[in-house]
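Have a look at the structure below before the remarks.
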Amino acid sequence: MDKTYKINTEEASNCYTNPDTLDVYTDGSKTDTGTGAGVYCQDLNIRIAQALGKHNSVFQAECVGITTAAVAVTNRQVTNFNINILSDSQAVLKALAKHSTTSKLLLDCHKALTKLATNNTVILRWIKGHSGILGNEAADELARRATTLKV
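Using numbering that gives the first Met the number 0, the first residue of the sequence shown is number 0, and each one after it goes up by one.
See below:
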């Protein structure tokens, strides 16, 4: 997969305090009641809780969260921005960093990120989960809430 976006699996530091960068937080969650993805961006007032059903994995939820984030920001017609998409899933970031995949979910994510990166500088960054970062905690709460919603 040729990439017009960058992926950094090292822990992000201070990227969520740069006023010149748009930070979009994503998360996935799985409980006994279901699986969900959450997306949070304070600057664009994005708060998405997306239910996925009972039979998805956390990996799938995390991937859907990143895809949903890219689509949501693209739909806001954001251009010429530096955009951090912050995820606590190293597994998904590493899967996206590979040169090829047969996963439709990863291909859809790659396409959404490529479209967003057409007019923006996009970097996917890993952040440590449950570390008190406001945006990450908000995305986590949205993902947990999504596990209780109907598809």
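In this text, a Cβ means the ideal position worked out from N, Cα and C, and glycines have one as well.
What you are looking at is a predicted structure, and each value in this text was computed from that prediction instead of being measured.
Roughly how many angstroms separate the alpha carbons of D22 and T34, rounded to a whole number? Against the sequence shown, residue 22 aligns to sequence position 23. Against the sequence shown, residue 34 aligns to sequence position 35. Cα to Cα, D22 sits roughly 24 angstroms from T34.
Separation of K5 from T20, as counted between CA atoms: Stepping through the sequence shown from its first residue, residue 20 is reached at position 21. Stepping through the sequence shown from its first residue, residue 5 is reached at position 6. Taking the CA atoms as reference points, T20 sits about 15 angstroms from K5.
Excluding five sequence neighbours on each side, which residues of the same chain lie with their C-beta closer than 8 angstroms to the C-beta of R144? Along the sequence shown, one-based indexing puts residue 144 at 145. Within its own chain, the residues whose Cβ lies closer than 8 angstroms to the Cβ of R144, once the five positions on either side in sequence are excluded, are G35, G37 and A48, listed in chain order.
Closest to L141 by C-alpha separation, out of T120, F80 and I45, would be which residue? For the purposes of this step, residue 141 is taken as the residue at position 142 of the sequence shown. Per the Cα distances, I45.
Backbone secondary structure at T73 - three-state DSSP: For the purposes of this step, residue 73 is identified with residue 74 of the sequence shown, where counting begins at 1. T73 falls in the helix class under three-state DSSP.
Say yes only if the C-beta of K110 is nearer than 7 angstroms to one or more non-hydrogen atoms of the ligand HEM, and no if none qualify. Of the ligands one can find in the structure shown there are none, so the ligand HEM has no counterpart to examine.
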